[in-house]
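Engineer: Going down the list, the protein sequences come from chains G and D. Residue numbering for the first sequence is 1 to 419, as defined by our numbering. Residue numbering for the second sequence is 1001 to 1170, as defined by our numbering.
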Amino acid sequence: MTTSAARCRWGPTLVVAIGAAVLLAAAGLFFSRPDIAAVGLPLAIWSALVAGRDLRGSDAVVTLSALPGEDGQIATAIRAEGEADAVQLVVRLSQRRSRRLIIPASGEAVIARSRVLHSGPVNAVQASARGFSGDGAVLSAASEPVVSARSIAPSRRRLDAVPVPRRLTGLHGAHEGRRPGQGGDFRDIHPFAPGDELRRVDWRATARLARRPGELLVRRTNTLSEASVVIAMDTAEDLGAAVASWGSGDFERSGVTSLDRARQAARSIATTAIGVGDRVALHVLVYGGRSVRSGGGARHLARLETAIAAVGQADEDSRFRRAPQVPHGSVIFVLSTFFEGAAAETALMWRASGHRVVAVDVLPDLDRSRLTKSQLIALRVVLAERENVFSDLRGAGVDVLVWSEAVEADMRATLRTRR
Amino acid sequence: MRANDSVSTGIALSWLVLRAMLLAVVVIGAAVLSPLIGWLIAAVALGVIGAALPQSFAAWGSVACLLIGMMIAGPDLGRTMLAVLVVHAVHVLTTLNLVVPVGARVVVGALRPTLIRFLVVQAIAQPLTLLVMLGATAGVAVIPWAVVAGAAALLALVFLLISSMKAAED
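Here you go:
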């Protein structure tokens, strides 16, 4: 719940009314016309009623409270309360459209509804108010804008599995590890050593292979390991499917955007990885970007989903990207449009450090309508540059994956690749 | 696209209704109070400008035209009472239109204090007008006294409200 209040002043019409009443009285006297003087009576009485009002009692407090909306909608209750007669309210809905309202300051709720077009953070309602009394003759200063911010969770796609690194180090997962332990497939027959469980003794192998009396042989299995998965999101750009909308800030006509896909990809990968017992970390590749440390389990997944839903486009001036520290032997998913080289450079650096890196292209399927000829040529040039970036990545051993309708098949193909 | 965002309020009026009401009051007042066509046209023209651009205060110009028409026509009880109603209504609607921006929706409940204040002011002003006009028409000798008394009452009221404004600002 967010609130705001403001201060008050007299409006110009009070001076006009007082001046008019005096003028009419003077004119009535001068021309000996009682009817002219009488016309000034309502203005004088009105002025007396309005001027008698306490200036401090004309402010208003705006309150925003989130409401459960219908499916695909967000709803917010806007209330204005105070001593003012009424409130002039300017409401901006989902950073798209403004509405101006004159509402009573009685706390009666005005319900704002917006259709959810994109996932991620959104200012569902931004409201600023100015209370007024005496028909508008007493005005309060405009209040500071109050904002009801929400984070819209992205949808989730089912993935069969996500790629895992060659080197699995953990002891609590679902992947076949390289170290001896429990839960995995047969590893070898090994002489009994202190610490081995007696139930692991393979009596048949002991009878057949023991070379001296008292020697016992145990049957060893591989351990089951968890993988360390890192999701790195590049939020420098948020490009819609409609190329004509790029740079316009119009996300109403943009169609699905690159960050919509990035959030969906991040959530899907995190859910799948944690579902098989892996540890997942999240990093936003901007200066001061959010990081969630590596972890596993349902509570950690909930933490990740909240963080992913809150990932929005970075500010214009935060182009600096950092390379976060990642656990040893991780598989790193870099989610980006790869229009700028910084995300690719980071991916290459991680690959050079020995991590398995998957570059996930989150650029939506482009709608080239409403583009001029020169814009089409420019688009072809930047797309060609992007293809060069992908070639460099593939050459360095980075798997490149397009987050599209066919992502499950591409992910399966990536699984078969050994890195 | 507009259906993507909506705001639900109680019963509400468009900002245009308030502007139209101002124009209607000016037109009715001019038609009844202004005997000369020239002043009538001037009042309506200023009313149109006042309704389109309230911050121009042109509606007050139309009030001036109505008063000139009254002065030309001579004193009359019915016309004076109507003028008291029209001038007050024009002032209140102009004041309201100044704070109702273009494109705004006005929830009817927000106009309740305005309506109550309008009725209170009229409930005081109309009997006073009646008294002043009856006193004025009772005899020629009374007229100057009625005018002086009315004007003095107005000035006293103005003095009182200015002092109360200063007190409120302090």
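In this text, a Cβ means the ideal position worked out from N, Cα and C, and glycines have one as well.
In this structure, how does DSSP classify G:W403 when only helix, strand and coil are distinguished?
Structural biologist: coil
Engineer: Expressed to the nearest angstrom, what Euclidean distance is found between the alpha-carbon atoms of G:R299 and G:A307?
Structural biologist: 12 Å
Engineer: For a test of the three-state rule: what should DSSP assign to G:G297, helix, strand or coil?
Structural biologist: coil
Engineer: Return the residues of the segment 33-53 of chain G that lie within a Cβ-Cβ distance of less than 9 Å from chain D, sorted by chain order.
Structural biologist: R33, P34, D35, I36, A37, A38, V39, G40, L41, P42, L43, A44, I45, W46, S47, A48, L49, V50, A51, G52 and R53
Engineer: Please name the residue, chosen from D:A1152, D:L1023, D:A1030 and D:P1054, that lies closest to D:L1096 on a Cα-to-Cα basis.
Structural biologist: D:P1054
Engineer: Shorter than 8 Å from the beta carbon of G:A5 to some beta carbon of chain D?
Structural biologist: Note on G:A5: pLDDT 47, under 50, position unreliable in the model; the coordinate value appears next. False, the Cβ-Cβ gap to chain D never drops below 8 Å.
Engineer: In or out: G:Q435 buried (at least 16 other Cβ within 10 Å) or exposed?
Structural biologist: No answer is possible for residue 435 of chain G: it lies beyond the span of chain G, which begins at 1 and ends at 419.
Engineer: Please classify G:T223 as buried or exposed, where buried requires at least 16 other C-beta atoms within 10 Å of its C-beta.
Structural biologist: buried
Engineer: My output table needs one value for G:S80: the three-state DSSP class, helix, strand or coil.
Structural biologist: Inspection of the sequence shows that residue 80 of chain G is occupied by Ala rather than by Ser. Here G:A80 sits in strand by DSSP.
Engineer: With distance defined between alpha-carbon atoms, name the residue in G:A343, G:Q88 and G:D71 nearest to G:D59.
Structural biologist: G:Q88
Engineer: Taking any Cβ of chain D, which residues in the segment 67-98 of chain G have a Cβ under 7 Å from it, in chain order?
Structural biologist: D85, A86, Q88, V91, L93, S94, R96 and R97
Engineer: Measuring only the C-alpha atoms, how far is D:A1135 from G:A142?
Structural biologist: The question names Ala, but residue 1135 of chain D in the sequence shown is Gly. Roughly 48 Å separates the two Cα atoms.
Engineer: So, with DSSP's three-state summary, where would you put G:P180?
Structural biologist: strand
Engineer: Opposite D:D1005 in the DSSP bridges: which residues?
Structural biologist: G:S114
Engineer: Looking at the unbroken beta strand (DSSP E) that takes in G:F132, where does it start and where does it end?
Structural biologist: Looking at the DSSP string, the run of the beta strand (DSSP E) that includes G:F132 is G120 to S133.
Engineer: On a CA-only basis, which of G:G11, G:V90, G:S94 and G:R96 is nearest D:V1106? Give me that one, please.
Structural biologist: G:V90
Engineer: Are the beta-carbon atoms belonging to G:V360 and G:F390 less than 8 Å from one another?
Structural biologist: no
Engineer: Using CA coordinates, which residue listed in G:A21, G:L159 and G:S254 is at the minimum distance from G:E405?
Structural biologist: G:L159
Engineer: Please identify the residue among G:P165, G:L171 and G:T221 whose C-alpha is closest to the C-alpha of G:R187.
Structural biologist: G:T221
Engineer: As a quick exercise: from G:F30, G:A38 and G:A48, pick the residue whose alpha carbon is nearest that of G:L14.
Structural biologist: G:A48
Engineer: Between which two residues does the beta strand (DSSP E) containing G:L217 stretch?
Structural biologist: L217 to S225
Engineer: How would you label D:I1041, buried or exposed, when you count the other beta carbons within 10 angstroms and need 16 or more for buried?
Structural biologist: exposed
Engineer: Does the beta-carbon distance from D:G1069 to D:L1046 come in below 8 Å?
Structural biologist: no
Engineer: Using a C-beta cutoff of 8 Å, does D:R1019 count as contacting chain G?
Structural biologist: no
Engineer: Which same chain residues, not among the five before or five after G:W246, have their C-beta less than 6 Å away from its C-beta?
Structural biologist: L239
Engineer: In the DSSP assignment, find the unbroken beta strand (DSSP E) run with G:V147 in it and report its ends.
Structural biologist: V146 to I152
Engineer: Give me, in chain order, the residues of the same chain whose beta-carbon lies closer than 8 Å to that of G:S291; leave out the 5 immediate sequence neighbours on both sides.
Structural biologist: Within the same chain, Cβ atoms closer than 8 Å to the Cβ of G:S291 are found at A281, L282, H283, V284 and P324, the five residues on either side in sequence being excluded.
Engineer: Can you tell me whether G:T63 is buried or exposed? The criterion is at least 16 other CB atoms within 10 Å of its CB, across all chains shown.
Structural biologist: By the 10 Å Cβ count, G:T63 comes out buried.
Engineer: Answer yes or no: does any C-beta atom of chain D fall closer than 8 Å to that of G:V16?
Structural biologist: Answer yes: the Cβ-Cβ gap between G:V16 and chain D drops below 8 Å somewhere.
Engineer: Quick one: which chain D residues come within Cβ less than 9 Å of G:R435?
Structural biologist: Since the first residue shown for chain G is 1 and the last is 419, residue 435 of chain G is missing from the structure and cannot be characterised.
Engineer: Measuring only the C-alpha atoms, how far is G:L363 from G:A378?
Structural biologist: 17 Å
Engineer: Exposed or buried, what is G:L209 when buried is set at 16 or more other beta-carbons lying within 10 Å of its beta-carbon?
Structural biologist: exposed
Engineer: Name the DSSP beta bridge partners of G:Q375, please?
Structural biologist: For G:Q375, which the question treats as bridged, DSSP gives no partner whatsoever.
Engineer: Starting from the beta carbon of D:A1110, find every residue of chain G whose beta carbon is closer than 7 Å, and list them in chain order.
Structural biologist: A86, I102, I103 and P104
Engineer: Using CA atoms only, rank isn't needed, just tell me which of G:R211, G:V218 and G:H172 is closest to G:E197.
Structural biologist: G:V218
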